[in-house]
Amino acid sequence: AGAAASSGGGPTGTPLPDKKLLLFILDRLQKKDTYGVYSDPVDPEELPDYHELIEHPMDFSTIREKLLSDKYTILEQFENDVFLLTSNAMSYNSEDTVYYRQV
Numbered sequence: 001a002g003a004a005a006s007s008g009g010g011p012t013g014t015p016l017p018d019k020k021l022l023l024f025i026l027d028r029l030q031k032k033d034t035y036g037v038y039s040d041p042v043d044p045e046e047l048p049d050y051h052e053l054i055e056h057p058m059d060f061s062t063i064r065e066k067l068l069s070d071k072y073t074i075l076e077q078f079e080n081d082v083f084l085l086t087s088n089a090m091s092y093n094s095e096d097t098v099y100y101r102q103v
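Numbering follows UniProt numbering, in which position 42 of the sequence shown is assigned residue number 42; successive positions increment by one, without gaps.
Here you go:
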């Protein structure tokens with residue numbers, strides 16, 4: 001008679017902090033994006049090769065929408081999307097561009 005196994009099918013990790021705190025953090029991060037380059041999904045008309053090179057696009061509005069619609073159940077999911085946004089930006093843009101330096 002040991003402890004019962006967890007029956008929850010969701011991911012395990014750090015419990016999600018208060019949504020207001022995460023929105024505050026997201027606002028602070030987004031303010032650093034002074035040109036608004038990472039505010040919305042990349043427009044395939046503007047950057048036709050982006051979706052060929054970047055497998056999982058991410059932007060601030062998508063992160064905010066996922067946060068507001070309770071798509072994140074643990075902190076690591078939120079962190080992973082923020083890291084994905086920055087790694088995508090660094091992968092797509094060369095080091096000598098303002099877009100690379102901004103992230």
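Beta carbons: idealized from backbone N, C-alpha and C, even for Gly.
The beta carbon of Thr-62 is closer than 8 Å to those of Pro-41, Asp-81 in its chain, skipping five residues each way along the sequence. DSSP places Ile-54 in the coil class of the three-state scheme, outside both helix and strand.
Within the DSSP secondary-structure output, Pro-15 pairs in a beta bridge with Ile-74. Take the alpha-carbon of Pro-17 and the one of Glu-46: they are about 36 Å apart. For Glu-95, the three-state secondary structure derived from DSSP is coil. The residues Gly-10, in chain order, have a CB closer than 6 Å to that of Thr-73 in the same chain once the five nearest residues on each side in sequence are set aside. Thr-34 is not a Cβ neighbour of Leu-75, given a cutoff of 8 Å.
Across the structure, Lys-31 and Asp-59 are spaced so that their CA atoms are roughly 13 Å apart. Tyr-99 is positioned such that its CB atom lies no closer than 8 Å to that of Ile-54.
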